[in-house]
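Structure first, commentary second.
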Ligand code: ADP
């Protein structure tokens, strides 16, 4: 094109000016930017009179320029190299340029030019300076419009952002629930601020945990979940959240390239996964509340193709601040409410156990105790429960079944048909054997049936009863396992956990104590009854435990041994009973199976007394129970009787032999020449016959007295006369040089009694006095006035009687010297007969004696 003439040039400038002004008007009237660009291109083409006009913008990689909007040329293909060069130059230099066939003007912008407006003419030297001014004018209108639009956009976004934050603040404070807070956060962000969002939290120990992922597209949601599972957040890694935590500041990925994306991944699969998630731009911001980093939010734009810029970062940071406070509040509230729930649960537990203790302590009855435990356990702890008790012989019995739904009968019936297997490696036998509890959180009829002989059958039978969870705890009291309780959760569907097991164990501990108390009480009661019975039996009953310690000593044992129970109980038998160990060997002892054995009579020396006990024992788990009776008296009588037989036969034989001898001599020999001898023999016969008579009389009288057949024949008598007759009658028996004297007042008046029997008593006493005195000894019979009575005393200077035997001389058959070693004959009946007679006369007989010096027997008879 040649140069234009001045008129033409002027007209063209005017036209150009009006085109710029028109464009400026369009811009001022608010024409949208895209439309304005079209108008600008049209205006440039018209004003410059060319076909090829374009608005060039830098390509995303910044290496070249592309005419996104153009007139006339196909910017991509037909643009000459010179155009590109000039455009690049203009872009950098921010200047309008003109070449021979090109004119270009920079569209200014902040922080860098927005693009370059260029026109091209196939004709050389087509453009003049005016054209440059014109094109710059157009470019300026575009720049101003763009700046205005940017300002509008920024205002709009900041208004939008503020609105968003206001809403976020509102939504986030609405709940104190952690999960709800997280899902509100996700709903706020996706899809307005991200195509997908990840929430990671940092634990106390620095570990990271992914707590939420949210994606607008469902397939991305699935991918995010897979990502969380396979590549959980890792502190110190290159994942955006990890970086944000380390930096405690936002991390911005304005745009991802395959390389920059790979840098955030750990391995190929991670990268492949991220590639499918396809983040185009991302921001990770730390969640900081009250000065503490709680975690990080990762925002990503993906399929929407958007990019994050500075405004988005500011918005994300602000959102993160609010979210952090909400999350922290929710966490605090959650830990507080968890603590409160724990405290409430603990309180309920305490209440339950105190109610249990109360109920359990209110009864000492075994059956009632078990029922109480069952009532407490069902339904508070379980839906049904079974009690197992360990019997004495080691077998296990099911004693009670309690079911909340009233289905005890079904369960009871089903269980009753199945014997427990004592050595089962699980279930009640195991728990009782080891004392360890068992918890099956996920139980089935099969696991429940595993402790019986035929588990399959029971499991099949239990099929209609729901079994969800079981626990079996031992009943242990005072170190002894008494049994076990099985708790079953059925229709309630409750799953037992460690906490339930602890509660069950606690309940079982209390129940065991109560059961044990009721057992002790029952035993104590039985023992009480036994003790009452034992107190009344005549036999002595003594329990000596396995350690040889006396545990029981009944009233009869006290009476027989004259030892108080309080003094001997708790002491070793060997310390209480001299020579116990040797004697115990001689005692026949039966067993529980064969308790009856014939007792043995064994002499015990207790406190210097000889005690003959007829004793036998029965061994039991606790020791040996001995039963005995005192046979000392019987034994003594037996001995006396045998002594008597010996004595009497001797006593009878001696006079009989004398009578026989005298009679034979009289018969065989002619004693006509010896009248003295004849008389003497006759006298001997008379004398010995009298003696025989007296012995036989004593024996008869004794048996009469014993049989109660004896009667007195009382009458008025003069005691002095009776005494004198007795003294005179005895004179002929006096020993060599012996003296016998009666000392009596003039008169004592009369006495109402049996004269013959009184004479018999006095005869006996005088005879003994002479018999047990040496030759030449003096015997005195004294009569005195007593207090309303008359006292007869017979004193001698004889051998005397030891003090310990004084009481016994009046006993039947008693003789101080049964073997008659001193040659003094006697039956041991005389003093017995005397005492019996005096008793019947309502009198009293007594003796005082000094061994070796003599004795005095005194009879006191009442006057009436
Ligand atoms: P006996 O036929 O043996 O004399 P008694 O019943 O009369 O029987 O006496 C019992 C025992 O008492 C005697 O064996 C003797 O040991 C003792 N006794 C009785 N009287 C006297 C006495 N005066 N002096 C010493 N001992 C006596």
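Residue numbers (this note's numbering): 436 to 1299.
Glycine residues also receive a C-beta, built at the ideal position from the N, C-alpha and C atoms.
None of these values were measured; they are calculated from a predicted model.
As computed with DSSP, residue 613 is found in no beta bridge at all. The Cβ-Cβ distance between residue 946 and residue 904 does not fall below 9 Å. The beta carbon of residue 1273 sits no closer than 8 Å to any heavy atom of the ligand ADP. The region 556-574 and the region 591-599 do not touch, with fewer than three beta-carbon pairs separated by less than 8 Å. Between residue 1224 and residue 1298 a beta carbon distance of about 6 Å is seen, short of the 8 Å cut, so the two are scored as contacting. Within 10 angstroms of the beta-carbon of residue 639 lie fewer than 16 other beta-carbons, which makes it exposed.
Residue 769 has its alpha-carbon roughly 15 Å from the corresponding atom of residue 759.
The alpha helix (DSSP H) runs lying completely inside the region 1043-1105 and spanning 4 residues or more are 1067-1103, given in chain order. The continuous beta strand (DSSP E) containing residue 550 extends over residues 550-555. For residue 867, the closest alpha carbon among the candidates 817, 918, 829, 913 is that of 918. In this structure, the beta-carbon distance from residue 916 to residue 788 does not fall below 9 Å.
Just so you know, the alpha carbons of residue 1218 and residue 1129 end up roughly 25 Å apart. Residue 663 places its beta carbon less than 9 Å from that of residue 648. Annotation for residue 873: the continuous beta strand (DSSP E) segment containing it runs 873-875. Sixteen is the threshold: when 16 or more other Cβ atoms of the shown chains lie within 10 Å of the Cβ of residue 487, as they do, the residue is buried.
In terms of Cα proximity to residue 1210, the closest of 1232, 922, 559, 1195 is 1232. Inclusion of residue 1236 in the 8 Å shell around the ligand ADP follows from its C-beta lying nearer than that to a non-hydrogen atom of the ligand. Between residue 506 and residue 476, the alpha-carbon positions lie close to 7 Å from each other. For residue 643, the enclosing beta strand (DSSP E) stretches over residues 643-650. Under the three-state reduction of DSSP, residue 633 is assigned to strand. In its chain, beyond the 5 residues on either side, 1012, 1018, 1046, 1048 have a beta carbon closer than 7 Å to the beta carbon of residue 1039. At a threshold of 8 Å, residue 1244 counts as near the ligand ADP, since its beta carbon sits closer than that to one of the ligand's heavy atoms. For residue 745, the closest C-alpha among the options 720, 1095, 882 is that of 720.
Within the same chain, Cβ atoms closer than 6 Å to the Cβ of residue 549 are found at 542, 581, the five residues on either side in sequence being excluded. Short note on residue 1227: C-beta not closer than 8 Å to any heavy atom of the ligand ADP.
Across the set 727, 793, 642, 709, the C-alpha of 727 shows the shortest separation from the C-alpha of residue 684. Between residue 812 and residue 922, the beta carbon gap of about 6 Å places them in contact (Cβ cut-off 8 Å). Excluding its 5 nearest sequence neighbours in each direction, residue 996 has C-beta neighbours in its own chain below 6 Å: 1041, listed in chain order.
The C-beta of residue 1016 has fewer than 16 other C-beta atoms within 10 Å across all chains shown, which makes the residue exposed.
Bridge partners of residue 980 according to DSSP: 1058. Taking 3 residues as the minimum length, the beta strand (DSSP E) runs contained wholly in the region 703-787 are 716-724, 727-736, in order along the chain. Of the candidates 1243, 1262, 1090, 1203, 1203 places its Cα closest to the Cα of residue 1291.
For residue 1128, the uninterrupted alpha helix (DSSP H) run begins and ends at 1110-1142, by DSSP.
Cβ-Cβ separation between residue 989 and residue 969: approximately 4 Å, consistent with a contact (criterion under 8 Å).
The three-state secondary structure of residue 1220, taken from DSSP, is strand.
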